[in-house]
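Number 93 in UniProt numbering belongs to position 93 of the sequence shown; there are no gaps in the numbering.
From the three backbone atoms N, C-alpha and C, an ideal C-beta is built for every residue, glycine too.
All values reported here derive from a predicted model rather than from experimental measurement.
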Amino acid sequence: MEQWRETNIFWLMRKISRWKNGKSVHCIGQILKLSKSTVFNIIRRFKKTNNVENKPRSGRQRTFIEHEERLIVRQVHINPRTSAVKLTLKCKSRFRKSVNPETARNVLRKHKYHGRVLWRKPYISKANRKARLAFAKMYVEQPIEFWKNQT
């Protein structure tokens with residue numbers, strides 16, 4: 001969710017044009033269902049800069065918007081074995097954005113897709129398999145009292 005809401009430039013120009021036509025701040029606020037302070041601040045900004053466009057925000061912009069992130073996650077959900085390099089190639093063709101594979105990994109980690117691999121189970125040879133089976137069979141027929149004494 002965004003922290004602020006930017007007003008559409010069309011609506012800002014409507015407010016300014018009404019003010020230029022001689023309407024009062026209070027009247028414009030009532031017509032457009034806005035507070036007087038909002039209308040006043042828009043007019044004050046227009047007087048000061050002669051412009052009503054929204055100021056650019058500080059800080060670095062995000063590489064992917066939410067929609068693009070969801071598409072990346074969906075690709076991995078469909079095929080979990082997709083590599084980060086292949087994801088970046090798809091991003092390049094689909095969104096026309098060349099990104100580092102680590103950026104794709106960061107997006108996936110953000111959505112709780114981690115590149116972890118399970119440990120493989122140890123290989124059990126035929127001889128070891130027979131020994132394990134003999135050990136298990138040795139204890140199968142033990143009475144309950146035998147198991148109660150074990151700590």
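Neighbourhood of residue i by C-beta distance below 8 Å, restricted to the same chain and skipping five residues each side
i	result
Asn100	Thr88
Thr82	Gln75 and Val76
Residue-chain proximity (residue i, chain D), Cβ-Cβ < 7 Å
i	result
Cys27	Judged by its chain identifiers, the structure shown contains no chain D, having just a single protein chain.
Residue i, DSSP secondary structure in three states
i	result
Thr7	coil
Lys97	coil
Val73	helix
Asn128	helix
Leu32	helix
Phe135	helix
His145	It is Glu, not His, that sits at residue 145 in the sequence shown. Looking at Glu145 - three-state DSSP - the assignment turns out to be helix.
Phe64	coil
Beta-carbon proximity list for residue i, same chain, < 6 Å, skipping 5 on both sides
i	result
Lys36	Val25, His26 and Gly29
Pro80	none
7 Å CB neighbourhood of residue i in its chain, flanking five on each side removed
i	result
Leu12	Ile42 and Val52
Leu32	Lys15
Member of the options whose CA lies at the smallest distance from the CA of residue i
i	options	result
Arg62	Thr82, Lys97, Ser93 and Lys23	Lys97
Tyr113	Arg120, Ala104 and Lys121	Ala104
Lys23	Phe40, Ile9, Thr7 and Asn8	Phe40
*Any 3 or more C-beta pairs closer than 8 Å across the segment 38-51 and the segment 63-73*: no
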